[in-house]
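There are 2 protein chains.
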Amino acid sequence: MDLMEAIRGRRSIRSFLDRPVEDEKLQAVLEAGRLAPSARNMQDWRFIVVKDEPTRHRLAEAARKQAFVGQAPVVIAACGTSDLVMTCGQPAYAIDVAIAVDHMTLAAFSLGLGTCWIGAFYEDQVKEILGVPESARVVALLPLGYPAEPPRQTPRNNLVDIVAYESW
Amino acid sequence: MDLMEAIRGRRSIRSFLDRPVEDEKLQAVLEAGRLAPSARNMQDWRFIVVKDEPTRHRLAEAARKQAFVGQAPVVIAACGTSDLVMTCGQPAYAIDVAIAVDHMTLAAFSLGLGTCWIGAFYEDQVKEILGVPESARVVALLPLGYPAEPPRQTPRNNLVDIVAYESW
Numbered sequence: 002m003d004l005m006e007a008i009r010g011r012r013s014i015r016s017f018l019d020r021p022v023e024d025e026k027l028q029a030v031l032e033a034g035r036l037a038p039s040a041r042n043m044q045d046w047r048f049i050v051v052k053d054e055p056t057r058h059r060l061a062e063a064a065r066k067q068a069f070v071g072q073a074p075v076v077i078a079a080c081g082t083s084d085l086v087m088t089c090g091q092p093a094y095a096i097d098v099a100i101a102v103d104h105m106t107l108a109a110f111s112l113g114l115g116t117c118w119i120g121a122f123y124e125d126q127v128k129e130i131l132g133v134p135e136s137a138r139v140v141a142l143l144p145l146g147y148p149a150e151p152p153r154q155t156p157r158n159n160l161v162d163i164v165a166y167e168s169w
Numbered sequence: 002m003d004l005m006e007a008i009r010g011r012r013s014i015r016s017f018l019d020r021p022v023e024d025e026k027l028q029a030v031l032e033a034g035r036l037a038p039s040a041r042n043m044q045d046w047r048f049i050v051v052k053d054e055p056t057r058h059r060l061a062e063a064a065r066k067q068a069f070v071g072q073a074p075v076v077i078a079a080c081g082t083s084d085l086v087m088t089c090g091q092p093a094y095a096i097d098v099a100i101a102v103d104h105m106t107l108a109a110f111s112l113g114l115g116t117c118w119i120g121a122f123y124e125d126q127v128k129e130i131l132g133v134p135e136s137a138r139v140v141a142l143l144p145l146g147y148p149a150e151p152p153r154q155t156p157r158n159n160l161v162d163i164v165a166y167e168s169w
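Which chain is which? The protein sequence lines are S and P, in order. Position one of the first sequence corresponds to residue 2 (our numbering), numbered consecutively onward. Position one of the second sequence corresponds to residue 2 (our numbering), numbered consecutively onward.
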């Protein structure tokens, strides 16, 4: 699929078919994340792929009871593994994991799959469910599956509202 | 350009031709960022496009004297504008801006342009140079231009090293 078609067409999907994701497609989604750039090429990430249904439902509970998270046949927990704080003040892991997950969402869409960025979850609960060590952080949950809903478009501001020239 | 071709081919570019970026291409790069998803669809970002040469060189100074930042004909300062902290503990603006900038880097590559994520900058200096208000954050600088160097590939870990199944 064309890049701009993917960027234009991707939607947040909150309802999934009861249909498994082919392993080939799952691997292609993970591959898109693997190729992402990261600070100092640290690749300071770890992706936990959850297919087990009871575990998915526990993750959905931890995600403030967003049931659709557990209905997706796959949930990917995207974790950060470095403690580098960049000169600008941002922790490298958060930016790096976000880049990798963005790659994954676009790849998923290009394969006919839907995803939804989930930041509304209790990290301590997710860490306990998945055995994530103290030193790592869970940055996002990403349910992945075939969309059961027609893609819904959310509005965007115009460029003139979000772009400035030469100064703020 | 095909999405996976863009994901596979994008490289960090640290040397730029002395050739301006066509406005049409600049707008296409910004458009890719505009379309990015964000927490609650807040679009909590502002992108400052800098072409002015003295300002670019001041930004390069603030970026720990990485001269190539100022040699690019365009530098985009990607700023976050919300103070929402998601339930998971991550500030929404950092994740959201990272997603939008990732879109931009892929779009740039598809148009024959090069970019490089810059996190090594003194945020207070960049804020002063560009007049960014106290309440906003500068998450990344993104030099943008025609690459003067052949793309150099950096290695990546294998999937088996970065993916776990069912638990950490």
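Glycine residues also receive a C-beta, built at the ideal position from the N, C-alpha and C atoms.
In this structure, the CA atom of residue 93 (chain S) is about 29 angstroms from the CA atom of residue 18 (chain P). Contact of residue 153 (chain S) with chain P is not assigned, every C-beta pair being separated by 8 angstroms or more. By the criterion of at least three beta-carbon pairs nearer than 8 angstroms, the stretch 47-54 of chain S is not in contact with the stretch 85-103 of chain P. Under a criterion of Cβ atoms nearer than 7 angstroms, the residues of chain P adjacent to residue 9 (chain S) are, in order, 36. One alpha carbon belongs to residue 145 (chain S), the other to residue 22 (chain S), and they sit about 8 angstroms apart.
When the five nearest sequence neighbours on each side are left out, the beta carbons in the same chain lying within less than 6 angstroms of the beta carbon of residue 13 (chain P) are those of 117, in order along the chain.
Excluding sequence positions up to five before and after residue 119 (chain P), its CB lies within less than 8 angstroms of the CB of 64, 67, 70, 141, 142, 143, 144, all in the same chain and listed in chain order. Interface with chain S (8 angstroms Cβ-Cβ cutoff): residue 53 (chain P) is included.
In this structure, the straight-line span from the alpha carbon of residue 147 (chain P) to that of residue 115 (chain P) is close to 6 angstroms. Shown here for residue 112 (chain P): same chain residues with a beta carbon closer than 8 angstroms to its own, the five before and five after excluded, namely 26, 29, 30 in chain order.
Legend: CB atoms of the stretch 101-132 of chain P lying less than 7 angstroms from CB atoms of chain S belong to residues 103, 104, 107, 108, 111, 118, 120, 121, 122, 123, 124, 131, 132. Closest in C-alpha terms to residue 98 (chain S), from the list S:130, S:131, S:123, S:137, comes S:137.
Interface annotation, residue 139 (chain P): in contact with chain S, CB-CB separation under 8 angstroms. Contact annotation: in the stretch 21-50 of chain S, residues whose CB is within less than 9 angstroms of a CB in chain P are 28, 29, 31, 32, 33, 34, 35, 36, 37, 38, 39, 40, 42, 44, 46, 47, 48, 49, 50.
Residue 161 (chain P) counts as exposed, since fewer than 16 other C-beta atoms from the protein chains shown sit within 10 angstroms of its C-beta.
Short of 7 angstroms from the beta carbon of residue 134 (chain S), and not among the five residues preceding or following it, lies no beta carbon of its own chain. Taking CB atoms only, residue 84 (chain S) has no neighbour in chain P less than 8 angstroms away. Chain-ordered, the chain S residues with CB closer than 7 angstroms to the CB of residue 164 (chain P) read 31, 48, 50. With fewer than 16 other CB atoms across the displayed protein chains lying within 10 angstroms of its CB, residue 169 (chain P) is exposed.
Looking at S:86, S:16, S:6, the one whose alpha-carbon comes closest to that of residue 151 (chain S) is S:16. Counting only the Cα atoms, residue 158 (chain P) lies some 13 angstroms from residue 48 (chain S). Residue contact check for residue 4 (chain P) against chain S: a CB pair falls below 8 angstroms.
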